[in-house]
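A quick write-up on the structure given underneath.
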Amino acid sequence: SAPRTANLYPVRRLANGTIGRGIPESELTKAYDLGWRWRSSNLLASAALWMVDYDNRIVSSYDDELGFSVDRNLGKVKVQGVDLQAGWRAAEFLTLSGPASYNDSEVKEDVPTSAPAVLRTKGKKLVETPDWTYSLRADFKFGERFTAGIQGKYVGERAATDLNDEFAPSYTVVDLDATYALDIGDDRQLEAQLNII
């Protein structure tokens with residue numbers, strides 16, 4: 063989740079013609095994680111607990127009036143959660159896999175806008191950060207040439223504003239795909255693929 067390089071080294075020209083510190087200020091983090099992984103001949107599973115303390119957390123939002131994304135600092139933010147993942151080869155022709163993530167975030171301070179005004183963000187959830195995301199995928203192999211898959215992904219409700227006074231609803235996406243491979247000589251293949259979302 064590292065920010066874009068442009069967020070790390072911004073500069074701006076001051077009124078007197080000199081170069082000053084950029085806006086937003088660079089983001090600093092302290093990250094901690096503890097993980098576990100298990101593997102057998104047909105099963106792979108992992109779990110991770112993690113926590114990140116941010117200073118000058120950079121958040122990007124699309125501005126309809128400007129027509130591009132604008133970066134800003136939210137100050138101190140704490141984000142913690144758990145990530146789970148498993149993959150299972152149920153049969154020679156069938157593999158099941160899926161991750162699940164829980165994310166709990168909290169903005170630790172109000173954001174100054176213009177002296178003495180502040181945006182009351184303390185205690186709010188981080189914008190555009192769903193609590194839950196999870197998915198499940200099934201891959202089918204029919205011989206050497208034909209494969210197919212189906213997957214579903216759920217993304218939970220998330221705050222659309224820093225004040226958490228508007229929320230984007232949760233959604234689910236289902237994907238279907240099928241691929242057929244043809245040998246065209248000299249160890250080369252041509253693949254035809256169909257995708258339905």
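So the sequence shown is numbered by our numbering: it starts at 63 and just counts up by one. We treat Cβ as the ideally placed atom computed from N, Cα and C, and that holds for glycine. Being a predicted model, the structure only gives us computed values, none of them experimental.
DSSP places Lys-187 in the coil class of the three-state scheme, outside both helix and strand. In terms of Cα proximity to Lys-203, the closest of Ile-212, Ser-197, Glu-219, Thr-195 is Ile-212. Taking Glu-89 as reference, the option from Asn-226, Arg-99, Lys-140 with the minimal CA-CA separation is Lys-140.
Under the three-state reduction of DSSP, Arg-101 is assigned to strand. Taking a 10 Å sphere around the C-beta of Asp-245, we find fewer than 16 other C-beta atoms and assign the residue as exposed. Short of 7 Å from the beta carbon of Trp-100, and not among the five residues preceding or following it, lie these beta carbons of its own chain, in chain order: Ala-107. Runs of the beta strand (DSSP E) spanning 3 or more residues and lying entirely within the segment 209-240 do not occur at all. Note: Arg-250 is bridge-paired with Gly-247 in the DSSP secondary-structure output. In this structure, the beta-carbon distance from Ala-210 to Ala-222 does not fall below 8 Å. According to the DSSP assignment, Asn-165 belongs to the beta strand (DSSP E) that extends over 156-169.
Residue environment analysis places Leu-111 among the exposed positions, since fewer than 16 neighbouring C-beta atoms fall within 10 angstroms of its C-beta. Look at Arg-134 here: in three-state DSSP terms it is strand. Rounded to the nearest whole angstrom, the CA to CA distance from Arg-207 to Ala-254 is 10 Å. Going by C-alpha positions, Val-236 is about 12 Å away from Ala-200.
When rounded, the separation of the alpha-carbon atoms in Ala-148 and Ser-159 is 6 Å. For Leu-146, the beta-bridge partners assigned by DSSP are Ala-109, Ala-162.
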